[in-house]
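Protein chains in written order, with our numbering: chain A, 1 to 205; chain B, 1 to 205; chain C, 1 to 205; chain D, 1 to 205.
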């Protein structure tokens, strides 16, 4: 099987996930700026964070399947598992927003990030195990510094939110924002470093 | 007519069906774990089941049209009938969830599964009758053990839910979960058996 | 400009229109069959009718652009006008359903059908005027019996609903259902007749 | 990277944005024409305006990527920023509608138009800076009279809504409608003028 229809379906699902979150934004009952800030301000920032995360996954999915030629049934299901975990973002985002960053919703949001991250790794492994040792994806991944750092940030955030009673959820949100920034901003320095490490890895294999 | 645009349209509809079900997940009013479990727990599992079913249909649709070259008006309408029956899943899923697996909603959910299954078979027949005896799809289907077993499970589930008053709906849900598992898990053993049976069938034809 | 991206965008919009209507289906508050019939029965039939209409438009759109090679800005906007009129179906369908086929909502539904029909004709004319006398679409349309009969049915339905006080809306719905049936069922007899007429027309031109 | 998947994803997101706005249209509680006019009339016009704007952006996006061959990570993120700003239209449209064109919501709608316009310009600049001096997009843009006039109209509208207390919001809406008309109607005169200016610009470079 070729990847084109899997990509088209994933694009469709990701496009819907990234867009329907805006339906959760409550239209303010008041008609002035303070109503907007108080009733929708937090929701807007949470929406932005989740939009960026779905964007990151679309971006990575796009890059990953760029290196994949053929797929089997296992890849289809691993891809669906990733889409399922991402499809929960509108729900966890709405809960975090509605609760104004209460402890449990923030922990659940972090677990959602961890689940998506795990599903992505599983998808990667399934593709590589299907392609065998000559897999171009395997060669391209390298040490995956970004993936490891962001998983550590999600885990750290969840632990902070669980253990530290008052400011924990805010530290957690700080971790989640940092992990997102890590994936967007450094298309210069870290990318080059990662690329060099990967090339080194690829060469040493 | 070529199949590309029918596939793109079906991908779009299936992507929307599989994703908008998450909008039915009620955001818990409480902000702790027990609120999540009590208010959304059942909904999450029902969502997962329906997600898997739409995923199975996308998967099978993908495989089926892999073998189809050209289509006529009849195929377009049979495909729309399948999409219609699948588009009812967000509705039947929400009812099952909201009623906490009451008898009638579970029966209706099972009838929805049966309707989708019947629409899929009709689509298959329309394609084969259009392609004639040399149809590659006809040769590939074989005895369709999986299809028959899962239809029996849907039917058995519906009957259990109708006839057995207390535990009937739960036996039905067990049947529906089993049929879903049948389509996902056994990409090794049963697939090989099915393939051998099909090959045998194909050879004996 | 080539037509591929216009087709992909139209497929996306039509896929969403045809699917989000299911979100308007109210989940019954009761958990038995009578609750389903009374609270959702009418909605289900209205949804089916609108689903079929959007399906007809997708079908015709698909056939039309099959004959189109290149497009200009006017075609893009005429296509968007068609998509806009079709995007109102979820709204008019919900109103018809919620009012249980009251007079005004049925008239508005009929006007929506007329608007979509007019937008489709405009799109056709814009394409043909852009392509000039050698347009393959022009040659293929022929006398467009189906289009004329269905426009007459929409118009007749709207007039019945306006003029006849009690049974008018029901006659109108009968007209709308008949027009839909006209587009689905007769892929044998009428199609052949239409085709012969078209061929005759094409030859005499 | 090639542009096909970015275009498909953008098409998906734009198709969803343009369509889900119809879900915000409140179904009238009454069943007569006055209920429709009073409860949905304003909403319908606001929906039409936002539909046209998303249509304009899809149109321009389509034209822009027609001239782009390859993209990098920066283009992906600039494109996502454009999609994010456009994804806020369902929200700002619903607020403008619900408030019946109150001052603050109209200002926020205008800022949304400005944000989308700015994101579009940034996307253009990122593409051109990636492609270097031989960029076909750079040559095609020319003096971008339309872009400048419409930005001035958005800005003027926002200022009017802020400064003029009573009729300000209505002048603003007039500005926003004019800017939309500017992009649709003049596919003859202004287009030719713009084209000549662009050709002149292109030649003088």
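Glycine included, every Cβ here is placed at the ideal spot set by N, Cα and C.
In this text the structure is predicted, and so the values were computed from the model without any measurement.
Identify the contact partners of residue i in chain A, using a Cβ-Cβ distance below 9 Å as the criterion.
{"i": "residue 51/B", "result": "80, 83, 84 and 87"}
Here's the rule: buried if 16 or more other CB atoms are within 10 angstroms of the residue's CB, otherwise exposed. What is residue i?
{"i": "residue 163/D", "result": "exposed"}
{"i": "residue 75/D", "result": "buried"}
{"i": "residue 129/A", "result": "exposed"}
{"i": "residue 34/A", "result": "exposed"}
{"i": "residue 136/C", "result": "exposed"}
{"i": "residue 11/C", "result": "buried"}
{"i": "residue 161/A", "result": "buried"}
{"i": "residue 185/B", "result": "exposed"}
{"i": "residue 13/B", "result": "buried"}
{"i": "residue 110/A", "result": "buried"}
{"i": "residue 179/D", "result": "buried"}
{"i": "residue 181/C", "result": "exposed"}
{"i": "residue 124/C", "result": "buried"}
{"i": "residue 119/A", "result": "buried"}
{"i": "residue 150/B", "result": "buried"}
{"i": "residue 103/C", "result": "buried"}
Kindly list, in the order they appear in chain A, the residues whose Cβ is closer than 8 Å to that of residue i.
{"i": "residue 16/D", "result": "15, 16, 19 and 20"}
{"i": "residue 91/D", "result": "22, 25, 27 and 40"}
{"i": "residue 33/B", "result": "104"}
Am I right that residue i and residue j are in contact with their C-beta atoms under 8 Å? What's the rounded C-beta distance?
{"i": "residue 80/A", "j": "residue 140/A", "result": "Not confirmed; about 23 Å, so no contact."}
{"i": "residue 89/C", "j": "residue 50/C", "result": "5 Å"}
{"i": "residue 23/C", "j": "residue 20/B", "result": "6 Å"}
{"i": "residue 27/D", "j": "residue 78/D", "result": "That pair is no contact at about 38 Å."}
{"i": "residue 175/B", "j": "residue 156/B", "result": "5 Å"}
{"i": "residue 108/B", "j": "residue 95/B", "result": "7 Å"}
{"i": "residue 58/C", "j": "residue 9/B", "result": "6 Å"}
{"i": "residue 91/D", "j": "residue 25/A", "result": "5 Å"}
{"i": "residue 62/C", "j": "residue 99/B", "result": "About 39 Å separates the two Cβ atoms, so there is no contact after all."}
Identify the contact partners of residue i in chain A, using a Cβ-Cβ distance below 7 Å as the criterion.
{"i": "residue 95/D", "result": "27 and 28"}
{"i": "residue 161/D", "result": "In chain order: nothing, as chain A lies at least about 12 Å away."}
{"i": "residue 77/D", "result": "184"}
Tell me the rounded alpha-carbon separation between residue i and residue j.
{"i": "residue 83/B", "j": "residue 105/A", "result": "35 Å"}
{"i": "residue 200/A", "j": "residue 116/A", "result": "Caution applies to residue 200/A, whose pLDDT of 47 falls short of 50 and renders its modelled position unreliable; the value that the coordinates give is listed next. The alpha-carbon atoms of residue 200/A and residue 116/A are separated by roughly 28 Å."}
{"i": "residue 44/D", "j": "residue 173/D", "result": "15 Å"}
{"i": "residue 202/A", "j": "residue 113/A", "result": "Confidence is the limiting factor: at residue 202/A the pLDDT is only 42, short of 50, which leaves the residue's position unreliable and the question unanswerable from this model."}
{"i": "residue 38/D", "j": "residue 145/B", "result": "58 Å"}
{"i": "residue 101/A", "j": "residue 29/A", "result": "21 Å"}
{"i": "residue 54/A", "j": "residue 93/A", "result": "12 Å"}
{"i": "residue 167/A", "j": "residue 85/A", "result": "27 Å"}
{"i": "residue 194/C", "j": "residue 142/C", "result": "Any reading at residue 194/C must be qualified, since the residue scores a pLDDT of 49, below 50, and its modelled position is unreliable; the value itself is stated next. Going from the Cα of residue 194/C to the Cα of residue 142/C covers about 8 Å."}
{"i": "residue 183/B", "j": "residue 6/C", "result": "36 Å"}
{"i": "residue 121/C", "j": "residue 87/D", "result": "31 Å"}
{"i": "residue 71/D", "j": "residue 2/D", "result": "6 Å"}
{"i": "residue 18/C", "j": "residue 73/A", "result": "29 Å"}
{"i": "residue 97/A", "j": "residue 47/A", "result": "9 Å"}
{"i": "residue 190/D", "j": "residue 131/A", "result": "Its pLDDT being 48, under 50, residue 190/D is placed unreliably by the model, and the measurement read from it follows with that caveat. Near 55 Å, if we compare the C-alpha coordinates of residue 131/A and residue 190/D."}
{"i": "residue 64/B", "j": "residue 64/D", "result": "36 Å"}
{"i": "residue 4/A", "j": "residue 138/B", "result": "24 Å"}
{"i": "residue 56/C", "j": "residue 153/C", "result": "16 Å"}
{"i": "residue 69/D", "j": "residue 52/A", "result": "25 Å"}
{"i": "residue 177/A", "j": "residue 60/C", "result": "47 Å"}
{"i": "residue 41/B", "j": "residue 41/D", "result": "40 Å"}
{"i": "residue 36/B", "j": "residue 165/A", "result": "19 Å"}
What in chain C is Cβ-close to residue i, meaning under 9 Å?
{"i": "residue 7/D", "result": "5 and 8"}
With a threshold of 6 Å (Cβ to nearest heavy atom), would residue i be considered close to the ligand FMN?
{"i": "residue 135/C", "result": "In the structure shown, the ligand FMN is absent, as is every other ligand, since no ligand is present at all."}
Whose Cβ in chain D lies nearer than 7 Å to the Cβ of residue i?
{"i": "residue 12/A", "result": "12"}
List, in chain order, every chain B residue whose beta-carbon is nearer than 7 Å to that of residue i.
{"i": "residue 60/C", "result": "Here the premise fails: no neighbours, minimum Cβ distance about 11 Å."}
{"i": "residue 98/A", "result": "27"}
{"i": "residue 55/C", "result": "80"}
{"i": "residue 67/C", "result": "Neighbours of residue 67/C on chain B: none; closest Cβ ~11 Å, over 7 Å."}
Bridge partners for residue i per DSSP, in chain order?
{"i": "residue 70/C", "result": "2/C"}
Going along chain B in order, which residues have a C-beta closer than 9 Å to the C-beta of residue i?
{"i": "residue 36/C", "result": "95, 104, 105 and 108"}
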